[in-house]
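A short write-up of the structure that comes next.
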Amino acid sequence: MITLAQYLNEHSANAAVSDLITTVTEVGKTISQLLQKGALADILGEAGNQNVQGEEQKKLDVLANDMLLKALAQNPHCAGVASEELDHATPANKDGSLLILFDPLDGSSNIDINMAVGTIFSILPYQRQGHSSEDQDFLQAGSQQLAAGYLLYGTSTMLALSVNDKVVMFSLDPDSGDYLLINDHVQIAADTSEYAINASNYRYWRKPMQQYIDEVIAGETGVRGRDFNTRWVAAMVGDIHRILCRGGLFTYPFDTKYANKAGKLRLMYEANPMSLLIERAGGMATNAVTRILDIEPTDIHQRVPVVLGSKNEVDYIKQLHIQHGE
Ligand code: F6P
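When we follow this note's numbering, the leftmost residue of the sequence shown carries the number 6, and every step to the right adds one.
What follows is the structure, encoded as C-alpha cells:
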C-alpha cells in the first residue's frame, strides 16, 4: 500500500507543503493516541478557560493546540500559524514560504462522550518572505489555499487531503504507524437524500432555509417527491467525512441566534479547508448564495454561513435563496 510519504513525494508539487503536512499528521498520531486512552490519559473535561470565541475550552483542545503550534512553529517552511483557539496568529520563521491555519480539535463537545472529533488545516502561501508574519498576511481567499485537509479521530484515524486537483484518503495503520492510502480519487455524487443540520435553530433561520427544511421533511408527500434522511455528528469533520464517503448535504446556515454572529462556523479554520475538499471532490460549497472560496476575509476569526456537499442539493438551496431575494 502507498504511504502518505510516498504519496506526497509523487503527487505534491511543493516540497515545503508536503513537509508541513507531515508535521501536522505526525502530531495527529499523538492526538489520536491520547484520544484512544481517553480518561486514562486525564485528557477529558474542561480546561477551565475560554478561547477567543468565548467558548469553554476542553483539556484536549488546549493540548492539541499547543502540540500543533509548537511543532509547526519549528518547521522551517512555516512563516506563521493561526489557530481557532488563539486571539492572534503566531509568527514563525520569517523566511518560510507558507502560512498554516488550523482548528486543533473540531467538535470538541464530542470528546467527553467518546465520539468523533478531528483536526482541520489549511495551507496558504506567504507573500512577505523576510518579514515577520502578521494576522493581515492570513487574510487570503480560500481559493488561494495550496493544500487543505483534516484528520478524523473516529473508530479509526483517517486523513482526507488535497494537494493537487484531487481529494484522497488515508487510514492510520495502528501497527506500522503509517498513513496508508485507501481512496485515491474521492468523488461526491451530485444528488443526495441525506442532510445534516442542527434543526433546533429552525426559528432563527431565514425563510429560504426554513422552506428547504420544510420541503425535505415533507419528503415524498411534498414538492421534492422523495424522502430524505437526517444525519448529525455534531462535529463538522465527521459530517464532511460522511459526505466525502457517500454524498450528502451539510449546512450551518445564517441564523439570528447570536446578534454578532452571521453563522457558527469559522471561514478560515473550517469553511475554507472543507470547501476546498468538497469542490475538488466534485461537490459545491456556498454561504447559501456565494462560493465560499471566493470570500475575501476581513478577520482571521470571522464566521460564515455554510452550505456544502452534493452539487444539486447545494444549488437547490442557492436557488431558493435567490427566489426569496437573499
Ligand atoms: O466548530 C463548531 C462545531 O463543533 C462544528 O464542528 C459542528 O458542526 C458544530 O459546532 C456543532 O454545533 P451544534 O452545537 O449546533 O451542534
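Quick reminder that beta carbons are idealized off the backbone N, C-alpha and C, glycines included. Note that the coordinates shown come from a computational prediction; the quantities given were computed from them, not determined experimentally.
Asked	Found
Assigned exposure category for G154 - 16 Cβ within 10 Å defines buried	buried
Span of the alpha helix (DSSP H) around E51	Element bounds for E51: not the alpha helix (DSSP H) but the beta strand (DSSP E), E51 to Q55.
Distance cut-off 7 Å: K266 Cβ against heavy atoms of ligand 1	no
Touching by the beta-carbon criterion (3+ pairs, under 8 Å), the region 206 to 223 and the region 240 to 251	no
Pair within 8 Å by beta-carbon distance, I202 and T256	yes
Near ligand 1: E275 beta-carbon under 7 Å from a heavy atom	yes
G253 Cβ short of 7 Å to ligand 1 heavy atom set	no
Contact test: K269 Cβ vs ligand 2 heavy atom, cutoff 7 Å	Among the ligands modelled here, namely ligand 1, ligand 2 does not occur.
Any non-hydrogen atom of ligand 1 within 7 Å of A204 CB	no
For S127, the residue or residues it bridges with in DSSP	L106 and A153
Below-8 Å beta-carbon distance, G53 vs any chain C residue	Given the protein chain composition of this structure (a single chain), no chain C is represented.
Straight-line Cα distance separating G43 from N119	8 Å
Status (buried if at least 16 other CB within 10 Å, exposed otherwise) for P258	buried
Extent of the continuous beta strand (DSSP E) run through E199	E199 to A201
Where the alpha helix (DSSP H) containing S37 begins and where it ends	A20 to K42
Beta-bridge partners of W333, as assigned by DSSP	Beyond the ends of the chain as shown, which are 6 and 331, falls residue 333; an answer cannot be given.
Proximity of L254 and A165 at Cβ, strictly below 8 Å	no
Integer Cβ distance of L177 from S37, believed to fall under 8 Å	6 Å
Exposed unless 16 or more other CB atoms sit within 10 angstroms - verdict on Q150	buried
Nearest neighbour of L74, chosen from E61, Q62 and A94 [CA to CA]	A94
Residues near S148 by beta carbon distance below 8 Å, same chain, minus five either side	L298 and D299
Backbone CA spacing between V311 and G330 [nearest angstrom]	18 Å
Euclidean distance between Cα positions of T28 and Q328	46 Å
Euclidean distance between Cα positions of D196 and F233	12 Å
G112 CB to nearest heavy atom of ligand 1 below 7 Å	yes
Three-state secondary structure assigned by DSSP to F143	helix
Beta-ladder partner(s) of A97, from DSSP	Answer by DSSP bridge pairing: none, since A97 is not bridged.
Reduced DSSP category for S114 - H, G, I as helix; E, B as strand; rest coil	helix
Anticipated Cβ contact below 8 Å, A293 with K323, distance rounded	7 Å
C-beta contact flag for P278 and F143 at 8 Å	no
Span of the beta strand (DSSP E), counted from its first residue to its last, around N70	N70 -> not in any beta strand (DSSP E); alpha helix (DSSP H) instead, spanning K64 to A78.
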